[in-house]
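Our numbering applies: residue 245 is where the sequence shown begins, and numbers increase by one.
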Amino acid sequence: MGERELSRRAVLKYGAVAGGLTAAGGALGNAAVSDDEEALDRPADEAALAQTNESTTEIQSGCDATIDASGGGDYEAIQAAVDAAETGDTLCVAPGTYAGTVTLSVEGVTLAPTEQGAATISGGDAATGPVLDVTADGVTVEGFEITSPDGARGVRVADGLADVTLRNNRVTEIGPVAEVETVGVLLDGDVESVTIVDNDVTGLAAEGAGATAQGLAVRGGTSDVVVRGNVFEGITATESVGAAIAVDRGADGLAVETNDLLTVVGVENADDATVAASCNYWGMRDGPRQVGTNRAADKGPMADERSAAIGDVEFRPWLVQSIQTASGAESCFGGR
Numbered sequence: 245m246g247e248r249e250l251s252r253r254a255v256l257k258y259g260a261v262a263g264g265l266t267a268a269g270g271a272l273g274n275a276a277v278s279d280d281e282e283a284l285d286r287p288a289d290e291a292a293l294a295q296t297n298e299s300t301t302e303i304q305s306g307c308d309a310t311i312d313a314s315g316g317g318d319y320e321a322i323q324a325a326v327d328a329a330e331t332g333d334t335l336c337v338a339p340g341t342y343a344g345t346v347t348l349s350v351e352g353v354t355l356a357p358t359e360q361g362a363a364t365i366s367g368g369d370a371a372t373g374p375v376l377d378v379t380a381d382g383v384t385v386e387g388f389e390i391t392s393p394d395g396a397r398g399v400r401v402a403d404g405l406a407d408v409t410l411r412n413n414r415v416t417e418i419g420p421v422a423e424v425e426t427v428g429v430l431l432d433g434d435v436e437s438v439t440i441v442d443n444d445v446t447g448l449a450a451e452g453a454g455a456t457a458q459g460l461a462v463r464g465g466t467s468d469v470v471v472r473g474n475v476f477e478g479i480t481a482t483e484s485v486g487a488a489i490a491v492d493r494g495a496d497g498l499a500v501e502t503n504d505l506l507t508v509v510g511v512e513n514a515d516d517a518t519v520a521a522s523c524n525y526w527g528m529r530d531g532p533r534q535v536g537t538n539r540a541a542d543k544g545p546m547a548d549e550r551s552a553a554i555g556d557v558e559f560r561p562w563l564v565q566s567i568q569t570a571s572g573a574e575s576c577f578g579g580r
């Protein structure tokens with residue numbers, strides 16, 4: 245896929261997408277959908293860009309503990325702070341690189357950086373283990389770079405959890421591990437009220453027989469799971485085709501809205517139920533290609549530029565521009 249010159253994603257970090265999600269509980273809500281195609285190319289409002297800095301300040305307020313690898317905080321390791329945390333604590337992480345696996349096992353904990361995007365959590369305890377392992381209800385992870393070049397998992401949300409939020413993270417450089425599937429975000433069982441919003445999932449790789457690469461893998465039943473405002477790109481595998489979102493089960497409780505699906509496969513649904521996936525950008529203004537199998541997705545014209553839908557996916561209407569443009573999130577009139 246060729247390099248894209250896409251503008252000002254910062255507008256969406258805490259702007260219309262995040263605000264609409266809060267107001268509508270994950271639905272598209274009452275947000276206006278523009279039919280003015282000329283408006284889609286207008287420059288972003290500089291005032292809207294300031295919302296990112298304002299939200300970063302909000303992240304830092306009310307810290308119950310600080311983590312600083314250089315020794316300037318309450319703890320030097322994230323896991324030590326989590327182990328000492330109480331229900332509902334906010335743990336603030338100073339810039340730097342911190343070793344995974346971090347297991348978030350305390351209910352209601354929020355993990356956030358003191359500077360947006362300046363803290364990296366890298367690597368896992370095992371090649372097949374996650375960098376971040378969410379094992380408690382009510383956890384929020386916001387604003388990190390999460391990476392594991394020698395591992396195969398980014399973030400795992402464990403079976404049976406509810407009210408988990410992953411917001412404004414960059415999950416990148418995950419894998420490959422020979423003959424092991426690579427997953428950016430794994431919903432590893434039945435989950436409820438999970439919000440995955442405004443993240444970048446990019447640079448995932450898998451290699452070897454049977455190894456797949458998936459930005460988001462849904463492996464169990466879902467209820468009120470919202471995937472919105474994310475960018476999926478650069479997800480590749482040598483023996484299969486990389487997918488932005490792969491659903492084994494749980495399609496009926498999943499809403500995929502206002503994402504950039506810039507992979508050969510945008511949504512691959514193996515469930516009998518329908519994935520609700522309207523108002524996404526599939527790499528071109530013509531919407532997705534429809535193919536029968538994963539391996540068929542990389543064949544034919546435009547395979548590297550126009551993402552594919554596999555299985556029962558309701559993708560109409562779709563966005564005709566990327567959400568990384570100033571008004572792309574309002575361009576949901578493709579296929580009407």
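No residue lacks a Cβ here, since even glycine has one placed at the ideal position from N, Cα and C. Every value quoted in this text rests on a predicted model; they were computed, and no experiment measured them.
Backbone CA spacing between residue i and residue j [nearest angstrom]
i, j, result
"G572", "D318", "42 Å"
"A356", "A499", "25 Å"
"A553", "A455", "20 Å"
"G447", "V535", "24 Å"
"G398", "V415", "7 Å"
"V277", "I567", "Summary for V277: the model assigns pLDDT 41, below 50, so the residue's position carries little reliability; its value from the coordinates is reported in the next sentence. Those two C-alpha atoms are separated by around 13 Å."
"A453", "R411", "33 Å"
"N211", "G315", "Any answer about residue 211 is impossible in this case: the structure gives the chain only from 245 up to 580."
"D381", "T518", "27 Å"
"V557", "V429", "20 Å"
"G527", "L506", "5 Å"
"Q565", "G578", "9 Å"
"E549", "C307", "43 Å"
"R472", "Y525", "11 Å"
"P532", "G510", "8 Å"
Proximal residues to residue i (C-beta, below 7 Å), its chain only, five neighbours per side dropped
i, result
"E436", "A406, S467, D468"
"A362", "P339"
"E483", "G452, A453, G454, A455"
Which of helix, strand or coil DSSP assigns to residue i
i, result
"Q568", "coil"
"G340", "strand"
"R580", "coil"
"V508", "coil"
"G478", "strand"
"R472", "strand"
"R533", "strand"
"R414", "strand"
"A291", "Summary for A291: the model assigns pLDDT 44, below 50, so the residue's position carries little reliability; its value from the coordinates is reported in the next sentence. Residue state, collapsed to three classes: helix."
Contacting residues, own chain, Cβ-Cβ under 6 Å from residue i (five flanking each side not counted)
i, result
"S392", "G367, G368, V375, I418"
"D280", "At D280, the pLDDT of 48 sits below 50, so the modelled position is not reliable; the number obtained from the coordinates is stated separately. Closer than 6 Å at the Cβ level, and outside the excluded window around D280, lies no residue."
"E389", "T364, R414"
"G344", "I365, G367, G368, V375"
"I440", "L410, V471"
According to DSSP, residues forming a beta bridge with residue i
i, result
"Q458", "V427, A487"
"W526", "Partner(s): none; W526 has no beta bridge."
"S467", "E436"
"D377", "T347, R400"
Supposed contact pair residue j and residue i - C-beta distance, whole angstroms, cut 8 Å
i, j, result
"T480", "A514", "Their Cβ separation, rounded to whole angstroms, is 20 Å, which puts T480 and A514 out of contact at 8 Å."
"F559", "A521", "5 Å"
Neighbourhood of residue i by C-beta, 8 Å cutoff - its chain only, sequence neighbours within 5 removed
i, result
"V424", "A371, T372, A396, A450, G452, A455"
"L348", "V326, L355, L376, D377, V378, T379, A380, V383, V385"
"D403", "D432, G433, D434, V435, G464"
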